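Asker: Here the protein sequences come in this chain order: A and B. Going by full-length UniProt numbering, the first sequence wraps up at 282, each residue one higher than the last. Going by full-length UniProt numbering, the second sequence wraps up at 282, each residue one higher than the last.
Protein chains: 2
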Amino acid sequence: MQVISAIPALREALAGRGRIVLVPTMGNLHAGHISLMEQARAHGDTVVASIFVNRLQFGPNEDFDKYPRTFEADCAKLREAGVDILFAPTEADLYPEPQTVQVDPGPVQELLEGECRPGHFRGVATVVLKLFNAVQPAVALFGKKDYQQLMVIRHMVRQLALPIAIVGGDTVRADDGLALSSRNGYLSEAERAEAPRLARTLAALRAAVLAGERDYAKLERDAVAALNAAGWQTDYVALRQQSDLTPPSPAAAPATGANAVPLVILAAARLGKTRLIDNLEI
Amino acid sequence: MQVISAIPALREALAGRGRIVLVPTMGNLHAGHISLMEQARAHGDTVVASIFVNRLQFGPNEDFDKYPRTFEADCAKLREAGVDILFAPTEADLYPEPQTVQVDPGPVQELLEGECRPGHFRGVATVVLKLFNAVQPAVALFGKKDYQQLMVIRHMVRQLALPIAIVGGDTVRADDGLALSSRNGYLSEAERAEAPRLARTLAALRAAVLAGERDYAKLERDAVAALNAAGWQTDYVALRQQSDLTPPSPAAAPATGANAVPLVILAAARLGKTRLIDNLEI
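1) Report back the beta-carbon spacing between D65 of chain A and G27 of chain A to the nearest angstrom; my notes put them in contact at under 8 Å.
2) Give me the Cα-Cα distance between G272 of chain A and V139 of chain A, rounded to the nearest whole angstrom.
3) Between which residues of its own chain and P118 of chain A is the CB-CB distance below 8 Å, once the five residues before and five after are set aside?
4) Tell me which same chain residues have a C-beta within less than 7 Å of the C-beta of R122 of chain B, skipping the five on either side of it?
5) Could you check which residue in A:Q241, A:R183, A:E194 has the C-alpha nearest to that of Y216 of chain A?
6) Would DSSP call D61 of chain A helix, strand or coil?
7) How about V172 of chain B and G32 of chain B: do their beta carbons lie closer than 8 Å?
8) Is A15 of chain B close to chain A? Criterion is C-beta to C-beta, closer than 8 Å.
9) Between which two residues does the alpha helix (DSSP H) holding P8 of chain B run?
10) Just to check my reading of the structure: G169 of chain A and Q39 of chain A have Cβ atoms closer than 8 Å, yes? What is that Cβ distance to the nearest angstrom?
11) S50 of chain A bridges to which residues according to DSSP?
12) Between L160 of chain A and chain B, is there a C-beta pair that is closer than 8 Å?
13) Quick check: what's the CA-CA separation for E12 of chain B versus D244 of chain B?
14) Rounding to the nearest angstrom, what Cα-Cα distance links T246 of chain A and I166 of chain A in this structure?
15) Taking just the CA atoms, how far does G231 of chain A sit from A203 of chain A?
16) Have a look at the DSSP bridge pairing and note the partners of N279 of chain A.
17) For the ligand PLP, I want to know if G169 of chain B counts as a neighbour, meaning its beta carbon is within less than 7 Å of at least one of the ligand's heavy atoms.
18) Note the first and the last residue of the continuous beta strand (DSSP E) segment covering G169 of chain B.
19) Give me the Cα-Cα distance between A252 of chain A and A199 of chain A, rounded to the nearest whole angstrom.
20) Note down, in chain order, all residues in the region 103-134 of chain A with a beta-carbon under 7 Å from any beta-carbon belonging to chain B.
21) Please compile the residues from chain A whose C-beta is within a distance smaller than 9 Å of the C-beta of T100 of chain B.
22) Does DSSP put G18 of chain A in a helix, in a strand, or in coil?
23) Which of the three DSSP states is assigned to T246 of chain A in this structure?
24) So what's V139 of chain A in DSSP terms, helix, strand or just coil?
25) First and last residue of the beta strand (DSSP E) that includes A190 of chain B?
26) Among the candidates B:T274, B:A174, B:I265, whose CA atom is the shortest distance from the CA of S188 of chain B?
27) Below 8 Å, can you find three or more Cβ-Cβ pairs linking the region 41-57 of chain B to the region 75-89 of chain B?
28) Using CA atoms only, rank isn't needed, just tell me which of B:L205, B:A195, B:P24 is closest to L266 of chain B.
29) Have a look at the DSSP bridge pairing and note the partners of A179 of chain A.
30) Given a threshold of 16 other Cβ atoms within 10 Å of its Cβ, counted over all protein chains shown, does Q2 of chain B qualify as buried or as exposed?
31) I need the straight-line Cα distance from T70 of chain B to G185 of chain B, nearest angstrom please.
32) State the Cα-Cα distance for the pair G143 of chain A and A92 of chain B, rounded to the nearest angstrom.
33) Which first and last residues belong to the alpha helix (DSSP H) in which R158 of chain A is found?
34) Determine, for R206 of chain B, whether the minimum Cβ-Cβ distance to residues of chain A falls below 8 Å.
35) Over what stretch of residues does the alpha helix (DSSP H) that includes D222 of chain B continue unbroken?
36) Can you pull the chain B neighbours of residue 285 of chain A, defined as C-beta to C-beta under 8 Å?
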């Protein structure tokens, strides 16, 4: 595996490499990332992973500085997974000057995660476009764990006419249901034992919808109350349309049946100082 | 010359075409555009021109609807100039849905033209990025007549790590000095006779700077007064640094000599209902 940090060197290494597949990450790799690397192989000739903790997508009070950086271990995992090239730019490589040109991702940035983390999706869209331009992949893979991020990127690719196919990878979970995430490492032992409640809450909400419950607002309220009663501080539990993450109308949008509108339940909640997100498609 | 309106057909036509050179235009082609087409040939294997009157870069009270559209004559000129492919998308081809993902070009959009035309450079940057993604050129040419636009595009290309070389083409002028522009067609006979004063004003200002005048603010004020006295409504005459279009400090930035800072004079002024822009590098 070649490890490259500068964009010109990357371009040189990629010239004539055939169909390129990119898996962008912020490092601290877990089985969810590695699953994407393994899927990537089927989509092209050369698999490129990137590791870059993108300051632009962190708010001023967020965890940019303490975000886990485990570069050596990440390299070993990527080699093991058969990745061809690791693009690991420094901040000077990717932001040699203040990044004043940015991608405005439109109204989807105002919802849910965007509402809780102002500027987050602008930072995500900008760095992903820049990674796309540096690597010029034919295909790029992103985990469904960051569901709204995947939607922002699909939307950007379509609206900017980028010649890149976007593939979403299923969320990988621990045996007890907790979605794998770099931020799980922040959890104390007691918090880690409590954490699977988030996935269980989503599963219960899905079961209720599939059983015919149509008072979505009540389902959301009850789920938030149950989490908070168990010690969480919940930002949102939201049942939304998969297409644009807006709320479905219960009448017009049954979750099942002939006129089914694909739905998804998304949640973000804090356990102690750790903010976890998860989602479940219906 | 192939004429193509849909992005998928364009991609098919461009596959395997070698090094692609793009010259984006809004049509109503004059000798300035054709000069860019002729220069384009030296930069690659396939010359693509585009014609698209981009609604996104026009303000609500601007001339989008009456902007001159002369498609048949344009095609004849492009054939004559040896252009290989004309990409002429319809609005449905380029904006099949409301364009909510946009490029924010940063602080340069607040100055000069950007101040007079809010949102203009956001619209320019967004459509140019989209054309770049559709055509994927190695080189793109833009006229220096739209000086700030050229700067916005160079800045975008650098900051988004686009693998595209940007080439600026010199402004082509009528014998009396008037910079060629599609908007010259709006001028009455009397206005057309008056119009070269704009270029003469810039030339006089350049001569004064080269002769040692350092009170730039006074030069600008006098130029505006002279234009307005001749019946113009002047938006700005501005002596700026070429690098970022900010004002030079007279002490730190002599226009000539060993520590010379490259300067440019930019102007925008209205003659009757027609708004003309021009510029001159020092």
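All C-beta atoms, glycine included, are put in the ideal place defined by N, C-alpha and C. Quantities reported herein were computed from a predicted structural model and do not represent experimental measurements.
Answerer: Based on what the coordinates show:
1) Taking the first sequence and counting its residues from 1, one reaches residue 65 of chain A at position 65. Taking the first sequence and counting its residues from 1, one reaches residue 27 of chain A at position 27. 14 Å between Cβ atoms; not a contact.
2) Here residue 272 of chain A refers to the residue found at position 272 of the first sequence. Here residue 139 of chain A refers to the residue found at position 139 of the first sequence. C-alpha separation (whole angstroms): 38 Å.
3) Mapped onto the first sequence, residue 118 of chain A falls at position 118. Contacts found: G59.
4) Here residue 122 of chain B refers to the residue found at position 122 of the second sequence. Correct list, in chain order: Q102, V103, D104, P105, Q109.
5) Sequence index remark: in the first sequence, residue 216 of chain A carries index 216 (1-based). The candidate whose alpha carbon is nearest that of Y216 of chain A is A:Q241.
6) Against the first sequence, residue 61 of chain A aligns to sequence position 61. Here residue 61 of chain A is Asn; the residue named in the question, Asp, does not match the sequence. Coil, per DSSP.
7) Reading the second sequence from its first residue, position 172 is the one you call residue 172 of chain B. Reading the second sequence from its first residue, position 32 is the one you call residue 32 of chain B. At a Cβ-Cβ threshold of 8 Å, V172 of chain B and G32 of chain B count as neighbours.
8) Within the second sequence, numbered from 1, the residue matching residue 15 of chain B stands at position 15. So no, A15 of chain B is outside the interface.
9) Counting from 1 along the second sequence, the entry for residue 8 of chain B is found at position 8. Element bounds for P8 of chain B: 7-14.
10) On the first sequence, residue 169 of chain A is found 169 positions in, with the first residue counted as 1. On the first sequence, residue 39 of chain A is found 39 positions in, with the first residue counted as 1. Going by Cβ atoms, the distance from G169 of chain A to Q39 of chain A rounds to 6 Å, so yes, they are a contact pair.
11) As a first step, residue 50 of chain A must be located in the first sequence, where it is residue number 50. Per DSSP, the beta-bridge partners of S50 of chain A are A:P24, A:F87.
12) In the first sequence, counting from the first residue as 1, residue 160 of chain A sits at position 160. Output row for L160 of chain A: interface = yes.
13) Walking along the second sequence from the start, residue 12 of chain B turns up at place 12. Walking along the second sequence from the start, residue 244 of chain B turns up at place 244. About 38 Å.
14) In the first sequence, the residue the question calls residue 246 of chain A occupies position 246. In the first sequence, the residue the question calls residue 166 of chain A occupies position 166. Approximately 21 Å, taken between the alpha carbons.
15) Here residue 203 of chain A refers to the residue found at position 203 when the first sequence is read from its first residue. Here residue 231 of chain A refers to the residue found at position 231 when the first sequence is read from its first residue. The straight-line gap from Cα to Cα measures roughly 19 Å.
16) Here residue 279 of chain A refers to the residue found at position 279 of the first sequence. Looking at the DSSP output, N279 of chain A sits in a beta bridge with A:L266.
17) Among the components modelled here there is no ligand, and therefore nothing to report on the ligand PLP.
18) Counting from one through the second sequence, the residue named residue 169 of chain B turns up at place 169. Residues 165-169.
19) Taking the first sequence and counting its residues from 1, the one referred to as residue 252 of chain A is at position 252. Taking the first sequence and counting its residues from 1, the one referred to as residue 199 of chain A is at position 199. The predicted position of A252 of chain A is uncertain, since its pLDDT is 46 and thus under 50; a value taken from the coordinates is nonetheless stated next. One C-alpha to the other measures close to 27 Å.
20) V103, D104, P105, G106, P107, L129, K130, N133, A134
21) Numbered from 1 along the second sequence, position 100 holds the residue referred to as residue 100 of chain B. In chain order: D104, P105, G106, P107, V108, H155, Q159.
22) Stepping through the first sequence from its first residue, residue 18 of chain A is reached at position 18. Correct three-state label for G18 of chain A: coil.
23) Along the first sequence, one-based indexing puts residue 246 of chain A at 246. It is coil, neither helix nor strand.
24) Locating residue 139 of chain A in the first sequence gives position 139, where the first residue counts as 1. Strand at V139 of chain A.
25) Here residue 190 of chain B is taken as the residue at index 190 of the second sequence, counted from 1. Element bounds for A190 of chain B: not the beta strand (DSSP E) but the alpha helix (DSSP H), 189-194.
26) Along the second sequence, one-based indexing puts residue 188 of chain B at 188. It is B:T274.
27) Touching, yes.
28) Taking the first residue of the second sequence as position 1, residue 266 of chain B is located at position 266. Closest option to L266 of chain B, Cα to Cα, is B:L205.
29) Walking along the first sequence from the start, residue 179 of chain A turns up at place 179. Answer is A:R173, bridged to A179 of chain A.
30) The count along the second sequence starts at 1 and reaches residue 2 of chain B at position 2. When all chains shown are included, Q2 of chain B counts as exposed.
31) Indexing the second sequence from 1 puts residue 70 of chain B at position 70. Indexing the second sequence from 1 puts residue 185 of chain B at position 185. Each residue's Cα considered, the two are about 12 Å apart.
32) Sequence index remark: in the first sequence, residue 143 of chain A carries index 143 (1-based). Sequence index remark: in the second sequence, residue 92 of chain B carries index 92 (1-based). Their backbone Cα atoms lie some 32 Å apart in a straight line.
33) In the first sequence, residue 158 of chain A corresponds to position 158, counting from 1. Start and end: 147-159.
34) Stepping through the second sequence from its first residue, residue 206 of chain B is reached at position 206. So, not an interface residue.
35) If you number the second sequence from 1, residue 222 of chain B lands on position 222. D222 of chain B -> alpha helix (DSSP H) spans 216-229.
36) In the structure as shown, chain A starts at 1 and stops at 282, and residue 285 of chain A therefore has no counterpart that could be examined.
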